[in-house]
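S.K.: When we follow the numbering used here, the leftmost residue of the sequence shown carries the number 170, and every step to the right adds one. We treat Cβ as the ideally placed atom computed from N, Cα and C, and that holds for glycine. Bear in mind the structure is a predicted one, so any value in this text is a computation, not a measurement. Structure incoming, see below.
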Amino acid sequence: MKNDMLISVIVTTYNRPDALSAVIQALLDQTDMNFEVVIADDGSSEPTREMIRSFQRSAIRKGLKRIIHAWQPDNGFRASAARNLGVFASHGDYLIFLDGDCLPRPDFVERHRLIAETNFMVSGSRVLLSEKFTNKLLTGAQPIAVYARGFLYWLAQRLAGNANKIVPLIHLPDSRMRHYRTVRWSRIKSCNLAIWRNNFSAVNGFDESFVGWGHEDADLVLRLARHGVRRKGGAFSTEVFHLWHKENTRASESKNRQRVEERMKSGVTKATIGLSDHPKDEERVESGFE
């Protein structure tokens, strides 16, 4: 992908300003020279808004063009709607979805740009960090720039039980080996997922009729596949560090999984309620530096 193409990093968050602040700081330290950050906020309260504003008032760092805060009211777990709002507020032709508790390495955007391929979505993976190590990071007891540390540092953290894996931190080159031969919706993580904007728009984005936790990302992948978009592996290139948190309630998982399985038998490609339903009167979009 050309270096002059703008990439939009869509960061989903909800009332966790300490983790989001660390993620934004990591995005300020990126090596890529042409991207924007859009905070897709699922109803966070004022402390998150103020923290984002403090970054928006800061000087531009390297290739970061702007920080946008796209907010919707807190009406329960509505990650699909928040992500769609983030895409609506964005400007890039290539979208990278990242969760607000996942620290990207300095070459995260650069590596996504490197392996981007027309009519492919790229599914990345993550290194899970321990509760103790996460607390050290977010309280300042451990330097937050651990996302920039090398393999030997992370080997020590793995041995100490602070990280669940480290092998995917090794970079492997781009090749056809990354192409999935068949459609697979398992192990898709929207915390690290890249999609071309035109492909995302063609299927009307995430389906907001999926409410509560679970499988809205699998549904998106299935619909993209029906539209002709293939899946490509981003592991060993775009790994992120997932800060520990208590698991969200999964009361809706079985229902959402059943919906995905039913849709596997149908020809549905477009979201019932999706990207085209934005903007809404209750939503708010604020941009810092252009």
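Please state whether DSSP places residue 349 in a helix, a strand or coil.
M.R.: The answer is coil: DSSP assigns residue 349 none of H, G, I, E or B.
S.K.: Hey, quick one: how far does the alpha helix (DSSP H) through residue 249 stretch, first residue to last?
M.R.: 248 to 258 is the extent of the alpha helix (DSSP H) around residue 249.
S.K.: So, helix, strand or coil for residue 308, using DSSP?
M.R.: Here residue 308 sits in helix by DSSP.
S.K.: Name the DSSP bridge partner or partners of residue 205?
M.R.: Its beta-bridge partners are 177.
S.K.: Please classify residue 215 as buried or exposed, where buried requires at least 16 neighbouring CB atoms within 10 angstroms.
M.R.: Residue 215 comes out exposed.
S.K.: Using CA atoms only, rank isn't needed, just tell me which of 414, 402, 438, 361 is closest to residue 376.
M.R.: Of the listed residues, the one whose Cα sits closest to residue 376 is 438.
S.K.: Tell me the DSSP secondary structure of residue 313 in three-state form.
M.R.: Of the three classes helix, strand and coil, the one that applies to residue 313 here is helix, per DSSP.
S.K.: Are residue 267 and residue 180 closer than 7 Å when you measure CB to CB?
M.R.: The answer is yes: Cβ separation under 7 Å.
S.K.: So which of 453, 172, 448, 414 has the shortest CA-CA distance to residue 299?
M.R.: Out of 453, 172, 448, 414, 414 has the C-alpha closest to the C-alpha of residue 299.
S.K.: Hey, how far is the Cα of residue 364 from the Cα of residue 397?
M.R.: Computed Cα separation, rounded: 13 Å.
S.K.: Can you give me the start and stop residues for the beta strand (DSSP E) that residue 456 sits inside?
M.R.: Start and end: 453 to 457.
S.K.: Is the number of C-beta pairs between the segment 393 to 409 and the segment 335 to 355 that are closer than 8 Å three or more?
M.R.: Yes, they touch.
S.K.: Let me know if residue 348 comes out buried or exposed under the rule of 16 or more other beta-carbons within 10 Å of its beta-carbon.
M.R.: Label assigned to residue 348: exposed.
S.K.: For a test of the three-state rule: what should DSSP assign to residue 234, helix, strand or coil?
M.R.: Strand, per DSSP.
S.K.: Which stretch, first to last residue, makes up the beta strand (DSSP E) that contains residue 183?
M.R.: Careful: residue 183 lies outside any beta strand (DSSP E) and carries neither H nor E.
S.K.: Going by DSSP, what residues sit across from residue 296 in a beta bridge?
M.R.: Partner(s): 410.
S.K.: With distances taken from CA atoms, which of 334, 213, 230, 374 is nearest residue 297?
M.R.: The residue with the shortest Cα to Cα distance from residue 297 is 334.
S.K.: Return no unless some Cβ of chain B is closer than 7 Å to the Cβ of residue 303.
M.R.: In the displayed structure, chain B is absent; only one protein chain is listed.
S.K.: Using CA atoms only, rank isn't needed, just tell me which of 362, 367, 366 is closest to residue 150.
M.R.: In the structure displayed, the chain extends from 170 to 459; residue 150 sits before or after that span and is not available.
S.K.: Nearest-angstrom Cα distance between residue 282 and residue 455?
M.R.: Approximately 26 Å between the Cα atoms of the pair.
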